[in-house]
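The numbering used here applies: residue 474 is where the sequence shown begins, and numbers increase by one.
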Amino acid sequence: MKRFTWKTTACLFLVSLLAGCGPKGPEMGQVSGTVTYKGKTLPTGTIVFVPEKEGSMMAFAEIQQDGTYVAGTEQFGPGVPLGKHRVMISAFIDHGPEKSAEAILPEKYSSDRKSGLIADVEPGENIVDFSL
């Protein structure tokens, strides 16, 4: 019985060590804020954070009716990888199935290279507001 207990204890110890060895993902910072356009909150839209660091993952956010957003990644949930990100924002008014959607923002904001919007994500909470 003593051998069984020792072997079982050793196996459980090894399994517990290996359980913590899985991929953790990148270091993340929590990113939230408000988007305004022409001084008013933007009631809809999507924000994309495109990392400047090669190989890092993008993050996304849906803009809520009150203009607020909380960004996250598909794989790791809430949070944005640390570092500098170019940002693009798009928003459309849906006129139904008979008309095509109408862009609310100027076209430049829908390109991370043309928007001029940058977010530098640091560890912890980051409040990043965009005034367009």
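By construction, the Cβ of each residue, glycine as well, lies at the ideal position given by its N, Cα and C atoms.
Note that the coordinates shown come from a computational prediction; the quantities given were computed from them, not determined experimentally.
Closest by C-alpha distance to residue i, when choosing among the options
i: M531; options: H558, K511 and T514; result: H558
i: K497; options: S529, F549 and N599; result: F549
Whole-number beta carbon distance between residue j and residue i, since they are thought to touch under 8 Å
i: E500; j: P551; result: At roughly 14 Å, the Cβ-Cβ gap does not stay under 8 Å, so E500 and P551 are not in contact.
Own chain partners of residue i with C-beta closer than 6 Å, once the 5 adjacent residues on each side are dropped
i: E575; result: I566
i: Q537; result: none
i: S583; result: M561 and S563
i: D585; result: V523, R559 and M561
i: E527; result: none
Sheet register partners of residue i (DSSP bridge)
i: G556; result: V594
i: Q548; result: Answer is none; Q548 lacks a bridge partner.
i: I536; result: DSSP output for I536 lists no bridge partner at all.
Test item: CB-CB of residue i and residue j under 7 Å
i: G502; j: P596; result: yes
i: G540; j: L578; result: no
i: K572; j: K581; result: no
Sequence-distant residues of its chain with Cβ nearer than 8 Å to residue i (five each side left out)
i: H568; result: A574 and E575
i: G545; result: A532, F533, A534, P551, G552 and V553
i: F603; result: G506, T507, V508, T509, I520, V560, I562 and L590
i: S529; result: P499, P554 and G556
i: E525; result: G556, K557, H558 and R559
i: F486; result: Confidence in F486 is poor, its pLDDT being 47 and thus under 50, which makes the residue's placement unreliable; the coordinate value appears in the next sentence. The answer is none, since no qualifying residue turns up.
i: K511; result: L605
Cβ neighbours of residue i in the same chain (closer than 7 Å, five flanking residues each side left out)
i: Y542; result: S505, G506, V508, I520, A534, E535 and I536
i: V601; result: V504, G506 and A592
i: E598; result: Q503
i: K513; result: none
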